[in-house]
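Participant:
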Amino acid sequence: MHCVPCLSNMKFNEALTLLLVSLVGIAIQGCHGKAVQFIFGDSLSDVGNNMYLSKSLAKASLPYYGIDFGSGLPNGRFTNGRTVADIIGDNTSLPRPPAFMDPSLTEDVILENGVNYASGGGGILNETGGYFIQRLSLWRQIELFQGTTELIKNKLGKQAAEKFFQDGLFVVALGSNDFINNYLMPVYSDSWKYNDQTFVEYLMETLQEQLLALHNLGARKLMVFGLGPMGCIPLQRVLSTSGQCQERANKLALSFNKAASKLLVNLESKLPNATLKFGDAYDVVDDVIRNPYKYGFNNSNSPCCSLGKIRPALTCLPASTLCRDRSKYVFWDEYHPSDSANELIANELIKKFGFLGVNAYVPAPAPESAIAPSPHE
Ligand SMILES: *[C@@H]1O[C@H](CO)[C@@H](O)[C@H](O)[C@H]1NC(C)=O
Ligand SMILES: *[C@@H]1O[C@H](CO)[C@@H](O)[C@H](O)[C@H]1NC(C)=O
Ligand SMILES: *[C@@H]1O[C@H](CO)[C@@H](O)[C@H](O)[C@H]1NC(C)=O
Ligand SMILES: *[C@@H]1O[C@H](CO)[C@@H](O)[C@H](O)[C@H]1NC(C)=O
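All the letters of the sequence shown, read from the start, carry residue numbers -33 to -1, 1 to 344 under mature numbering (1 follows the signal peptide of the UniProt record, and there is no 0).
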């Protein structure tokens, strides 16, 4: 493989280090040019899109969102610090893609950094999150991405643009809102049109069409994130009479994960030259919630940012009070994990994806043979 420099004249340790660096680098970047990410998601991945939606009721534009990120001012992330996608991208040295709605987004910025289309309140289904008035559903995010492909085609020409998108890493991370802000709320018609099984089937049919649409638009490396134990977010607990996790919501998350995992395996076998990986952090988050102390947390059932006894608080506000040590809380607000919890989730996903699919993306000679010490040393 021409991408890995010749190893035979190097000392073993140097060769090993270089190989590891190369493998990770190649997995992410391919051999030519720099790979970037395209992120499709909801509030767990939003880095500012909703701040630009003037009528949206789902915004992280007030303190204390972002208090542990950069300047500490709100930046559109629905947490105190980094999102899971931030942490995974950082881990593999991929640039953090800016929000699609950011007015400074240009072709050059896209070529350097990719784009993040994620939007708080968004779901796989168009009807999800309707009461937030404005949010970008996954279909809408894909339409916006189509616009991005046109832009890049005009800039680079068809062939180079195709290569650019084929090398890109596509993250798709939605689904929680389809339950929490749709199916599990009686105000939405999906809650009475479907049952637990048929609703998950409906989500899978839709997600399949969406992944095929992305593939059609040139995506070849796709990662889909599964759901956590969403019945244990503080909002769901406070809505249950016992204060315990809502087992029905947790079961739905598990059946979503199972079905999505199957869908991805099936699609990967059908789509030429594409890798589609699925990973979730359900088990580890479930364990953190049951045994917070084991992981260095001190609270796993209430939000760090809250309006005292007023629960659910819906959002974090300047009038809210913060917990004393933000790194000890699993949840930042009623819905969203804290930076520390996101780190734990990201590390689990990194493990599950196996360094973002190094093995899948590198048509490499077996590492064992490549790192064998040279007899000429
Ligand atoms: C990436 O994540 C892995 C697994 O959690 C960790 O061991 C490693 O130190 C991280 N690397 C970087 C550069 O963040
Ligand atoms: C969902 O919304 C998109 C626009 O974002 C539209 O093109 C599509 O037809 C809608 N799909 C359904 C099933 O309503
Ligand atoms: C898959 O990739 C190979 C090598 O890049 C290429 O020759 C082939 O045409 C591709 N197949 C399809 C169906 O895109
Ligand atoms: C954990 O929380 C309890 C009260 O819930 C408090 O007394 C204790 O000091 C906290 N420990 C740490 C390490 O923050």
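Think of the CB as a built atom: it goes at the ideal place given N, C-alpha and C, for glycine as much as any other residue.
Kindly give me the distance between the Cβ atoms of leucine 189 and alanine 241, rounded to whole angstroms, as I take these residues to be in contact under 8 Å.
Facilitator: Numbered from 1 along the sequence shown, position 222 holds the residue referred to as residue 189. Numbered from 1 along the sequence shown, position 274 holds the residue referred to as residue 241. In this structure leucine 189 touches alanine 241 by the C-beta definition: roughly 7 Å separates them, less than 8 Å.
Participant: So is aspartate 163 buried or exposed if we call it buried at 16+ other beta carbons inside 10 Å?
Facilitator: For this step, residue 163 is matched to residue 196 along the sequence shown. The residue in question, aspartate 163, is exposed, as its Cβ has fewer than 16 Cβ neighbours within 10 Å.
Participant: Does the separation of the CB atoms of alanine 85 and aspartate 157 fall below 9 Å?
Facilitator: The residue you call residue 85 lines up with position 118 of the sequence shown. The residue you call residue 157 lines up with position 190 of the sequence shown. It is not a contact, given that the beta carbons lie outside the stated cut-off.
Participant: Indicate the three-state DSSP secondary structure (helix, strand or coil) for methionine 190 in the structure shown.
Facilitator: For the purposes of this step, residue 190 is taken as residue 223 along the sequence shown, with counting starting at 1. Residue state, collapsed to three classes: strand.
Participant: If you follow the beta strand (DSSP E) that glutamine 4 is part of, which residue opens it and which one closes it?
Facilitator: Numbered from its first residue, the sequence shown carries residue 4 at position 37. Per DSSP, glutamine 4 belongs to the beta strand (DSSP E) from 4 to 8.
Participant: Should serine 104 be counted as a contact of ligand 2 given a C-beta to heavy atom distance under 8 Å?
Facilitator: Walking along the sequence shown from the start, residue 104 turns up at place 137. Flag set: Cβ of serine 104 near ligand 2.
Participant: Apart from the five residues just before and just after serine 228, which ones in its own chain have a Cβ nearer than 6 Å to its Cβ?
Facilitator: Walking along the sequence shown from the start, residue 228 turns up at place 261. Around serine 228: Phe245.
Participant: Where do the N-terminal and C-terminal ends of the beta strand (DSSP E) with residue 362 fall, by residue?
Facilitator: Nothing can be reported for residue 362: it is not among the residues displayed for the chain, which extend from -33 to 344.
Participant: For lysine 218 and glycine 90, what's the separation of their Cα atoms in angstroms?
Facilitator: In the sequence shown, the residue the question calls residue 218 occupies position 251. In the sequence shown, the residue the question calls residue 90 occupies position 123. Their Cα atoms are separated by approximately 19 Å.
Participant: What number of angstroms, rounded off, separates the C-alpha of serine 21 from the C-alpha of proline 64?
Facilitator: The residue you call residue 21 lines up with position 54 of the sequence shown. The residue you call residue 64 lines up with position 97 of the sequence shown. If you take the alpha carbons of serine 21 and proline 64, they lie about 22 Å apart.
Participant: Evaluate alanine 216 with the Cβ neighbour count: other Cβ atoms within 10 Å of its Cβ, from every protein chain shown; 16 or more gives buried, anything less gives exposed.
Facilitator: Here residue 216 refers to the residue found at position 249 when the sequence shown is read from its first residue. Burial is judged here by how many other beta carbons sit within 10 angstroms of a residue's own beta carbon; alanine 216 has at least 16 and is buried.
Participant: Mind the definition here: the segment 1 to 13 touches the segment 261 to 279 only if three or more C-beta pairs lie below 8 Å; say whether that holds.
Facilitator: no
Participant: Tell me the rounded alpha-carbon separation between phenylalanine 192 and alanine 248.
Facilitator: Locating residue 192 in the sequence shown gives position 225, counting from the first residue. Locating residue 248 in the sequence shown gives position 281, counting from the first residue. Taking the straight line joining both Cα atoms gives about 8 Å.
Participant: For glutamate 129 and threonine 208, what's the separation of their Cα atoms in angstroms?
Facilitator: To locate residue 129, count along the sequence shown from 1; it is residue 162. To locate residue 208, count along the sequence shown from 1; it is residue 241. Rounded to the nearest angstrom, the two C-alpha atoms are 53 Å apart.
Participant: Report the option in Asn266, Ser305, Ser287, Ala2 whose CA atom is closest to the CA atom of glutamine 133.
Facilitator: By one-based count along the sequence shown, residue 133 stands at place 166. When each option's Cα is compared against that of glutamine 133, the closest is Ala2.
Participant: Nearest to cysteine 283 by CA position, among Ala25, Tyr32, Met18, Asn16, is which residue?
Facilitator: Within the sequence shown, the letter at position 316 stands for residue 283. Of the candidates Ala25, Tyr32, Met18, Asn16, the one whose C-alpha sits nearest the C-alpha of cysteine 283 is Tyr32.
Participant: Pair every Cβ in the segment 64 to 80 with every Cβ in the segment 112 to 125, then say whether three or more of these pairs are closer than 8 Å.
Facilitator: yes
Participant: Rounded to whole angstroms, what's the CA-CA distance from arginine 49 to tyrosine 19? Just pull it up for me.
Facilitator: Locating residue 49 in the sequence shown gives position 82, counting from the first residue. Locating residue 19 in the sequence shown gives position 52, counting from the first residue. About 20 Å.
Participant: Counting C-beta neighbours from all protein chains within 10 Å, is the total for proline 304 16 or more, i.e. buried, or is it exposed?
Facilitator: By one-based count along the sequence shown, residue 304 stands at place 337. Buried, because 16 or more other Cβ atoms sit within 10 Å of the Cβ of proline 304.
Participant: Would you kindly work out how many angstroms separate the C-alpha atoms of residue 347 and leucine 206, rounded to a whole number?
Facilitator: Here the chain covers residues -33 to 344 and nothing more, so residue 347 does not appear.
Participant: Taking the alpha-carbon positions, what's the isoleucine 109 to phenylalanine 45 distance?
Facilitator: Mapped onto the sequence shown, residue 109 falls at position 142. Mapped onto the sequence shown, residue 45 falls at position 78. Cα to Cα, the separation comes out at about 22 Å.
Participant: Please state whether DSSP places proline 304 in a helix, a strand or coil.
Facilitator: Position 337 of the sequence shown, counted from the start, is the residue given in the question as residue 304. Proline 304 falls in the strand class under three-state DSSP.
Participant: What are the boundary residues of the beta strand (DSSP E) that includes phenylalanine 245?
Facilitator: Translated into the one-based positions of the sequence shown, residue 245 becomes position 278. Here the beta strand (DSSP E) through phenylalanine 245 covers 242 to 246.
Participant: Going by C-alpha distance, which of Glu315, Ile55, Ile34 is nearest asparagine 47?
Facilitator: Indexing the sequence shown from 1 puts residue 47 at position 80. Ranking Glu315, Ile55, Ile34 by Cα distance to asparagine 47 puts Ile34 first.
Participant: Is any non-hydrogen atom of ligand 1 found closer than 8 Å to the C-beta of residue 346, if you look at the structure I gave you?
Facilitator: The structure shown does not extend to residue 346, since the chain is modelled only from -33 through 344, so no value can be given for it.
Participant: Along the chain, where does the beta strand (DSSP E) containing asparagine 83 start, and where does it finish?
Facilitator: Indexing the sequence shown from 1 puts residue 83 at position 116. Asparagine 83 -> beta strand (DSSP E) spans 81 to 83.
Participant: Which one of Val297, Ala313, Tyr98, Pro239 has the shortest CA to CA distance from asparagine 144?
Facilitator: Against the sequence shown, residue 144 aligns to sequence position 177. Shortest Cα-Cα distance from asparagine 144 to any of Val297, Ala313, Tyr98, Pro239 involves Tyr98.
Participant: State the CB to CB distance for the pair serine 60 and proline 41, rounded to an integer number of angstroms; the pair is presumed to be in contact (CB under 8 Å).
Facilitator: Residue mapping note: residue 60 aligns to position 93 of the sequence shown, counting from 1. Residue mapping note: residue 41 aligns to position 74 of the sequence shown, counting from 1. Rounded, the Cβ-Cβ distance is 27 Å, inconsistent with contact.
Participant: Which of helix, strand or coil does DSSP assign to isoleucine 277?
Facilitator: Residue mapping note: residue 277 aligns to position 310 of the sequence shown, counting from 1. DSSP places isoleucine 277 in strand when its eight states are reduced to three.
Participant: What beta strand (DSSP E) runs, 3 residues minimum, are completely inside the segment 135 to 174?
Facilitator: 136 to 140
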